[in-house]
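Working notes for the structure below.
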Amino acid sequence: MKITEESMRQQLSSQTPPPEREPEPKRGELEKLKAMCWKDRLWYVWAYYKVHMALVLAGILILHVVATSLYRSTFHTALHCMVINSYSQEEIDFSVLEEDFARYLNLGKKDLVTAETGYITFGDNASEVSYANLAKISALVFSKDLDIIIGDKDTIGHFASLDGFVDLEQQLSSELLPLVKGRLFYAVGEDGIKRAVAVDISNTAFVADSHIGIDPPLLGIIINTEHRDNTDALIRYILAP
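192 is the number that my numbering gives to position 190 of the sequence shown; each next residue is one higher, with no gaps.
See the structure below:
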C-alpha cells in the first residue's frame, strides 16, 4: 500500500479521541429546590440544614432570654406576698393585691405587687411538695424577697418558732395598733416566749374579694422585710379601707 500524506492524515484523524463535553454548570440551592416537589424539598432541607436550623433557633432563644432578663431587671418589687394553705373552692383573685392595692400605694408602672400560693403540711403528714415549698420560702426569706405570709395557724406557728415574723405589738406604729386590737395572733418563738406575730384578717372585704379560703387567715410580716412601709400599708388597707 502506497503511503501518502493524505492517507497518513486520515489515519491520524481517525485515532484522535472525540473532544470532551464541557461539564454542566452546577445548580444553586434555590434551583435545586425549585426542581423538587414539596415533599422532596422538606426532606432535603431537613437532611442538609437541620444543624443550621438548630443553631439559629438556639441563638434566637438565647437572645429572647437575655432581652427578657434585661427588661425584667428594670422592674422593682414593692411587695411580695405568699398565701399558704388556702382551700377555697374558688381560685384566689390576686388582682386585689396586684392591682387595687398597687393603686392604693400609688406605685409607678414598674413597681410591682406580686403574690403566689403554696401548700404545706407539717409533722407526719409532710409531703415532698411541703418540703419543696418550705425550701422555697426559706430561699425567699434569705434573699429578702418575701414580705408577707398569709396562712393558717400551723403555718404561722411554724415560722414563728423560727423567729420569722415581726413582733407586731413592739413594732407597729401607734396609728396601726388600734386597728389590730383584738386581732393579734400570738405564737411561741425560739426562746419560748409568746409574741404577737400575726393579724387575724377574718371578715374583711380583702379576704372575701380575694377568695382566700383559710380559717382564720393570719397575716404575718417577715422579720427581714425591706418594705416595711408597704407591709404596714397593707394592714391599713385591709382593716381600714
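Each residue gets a CB set at the ideal place from its N, CA and C atoms; glycine is no exception.
What is the C-beta distance between residue i and residue j, in whole angstroms, given that I count them as a contact (C-beta under 8 Å)?
| i | j | result |
| --- | --- | --- |
| Ala162 | Ala189 | 4 Å |
| Arg197 | Gly191 | 6 Å |
| Ile237 | Leu179 | Not confirmed; about 10 Å, so no contact. |
| Thr116 | His82 | 5 Å |
Between the options, which lies nearest to residue i when the distance is taken from Cα to Cα?
| i | options | result |
| --- | --- | --- |
| Ile195 | Gly184, Asp202, Thr119, Asp169 | Asp169 |
| Thr206 | Val182, Cys39, Thr157, Cys83 | Val182 |
| Gly2 | Ala117, Glu171, Leu178, Met84 | With the chain represented from 3 up to 243, any question about residue 2 goes unanswered, as that position is not in the structure. |
| Tyr121 | Asp95, Val201, Ile151 | Ile151 |
| Ala235 | Phe103, Asp95, Cys39 | Phe103 |
| Pro243 | Phe124, Ala200, Phe208, Ile223 | Phe208 |
| Gly110 | His160, Thr119, Glu100 | Glu100 |
| Ile94 | His213, Ile158, Arg105 | His213 |
| Tyr133 | Thr157, Asp147, Phe187 | Thr157 |
| Ser204 | Lys146, Ile240, Leu57, Asn108 | Ile240 |
Between which two residues does the beta strand (DSSP E) carrying residue i extend?
| i | result |
| --- | --- |
| Val85 | 78-86 |
| Glu192 | No beta strand (DSSP E) holds Glu192; DSSP gives it neither H nor E. |
| Ile223 | 220-223 |
| Ala117 | 113-120 |
To which residues of the same chain is residue i closer than 6 Å at the C-beta, ignoring the five residues directly before and after it?
| i | result |
| --- | --- |
| Ala128 | none |
| Gly166 | Ile225 |
| Leu113 | The displayed chain sequence assigns Asp, not Leu, to residue 113. Excluding sequence neighbours, Asp113 sits near His78, Ala80. |
I'd like the span of the alpha helix (DSSP H) that includes residue i, first residue to last.
| i | result |
| --- | --- |
| Gly159 | 155-162 |
| Ala210 | 207-212 |
| Ile237 | 230-241 |
| Ile139 | 130-144 |
What does a CB cutoff of less than 7 Å around residue i pick up in its chain, not counting 5 residues either side in sequence?
| i | result |
| --- | --- |
| Val131 | Tyr121 |
Once the 5 residues before and after residue i are set aside, which same chain residues still bring their CB inside 8 Å of it?
| i | result |
| --- | --- |
| Arg74 | Low confidence applies to Arg74: its pLDDT is 49, below 50, so where it sits in the model is not reliable enough to give any reading. |
- Validate contact between the region 81-95 and the region 215-231 using beta carbons, cut 8 Å, 3 pairs: yes
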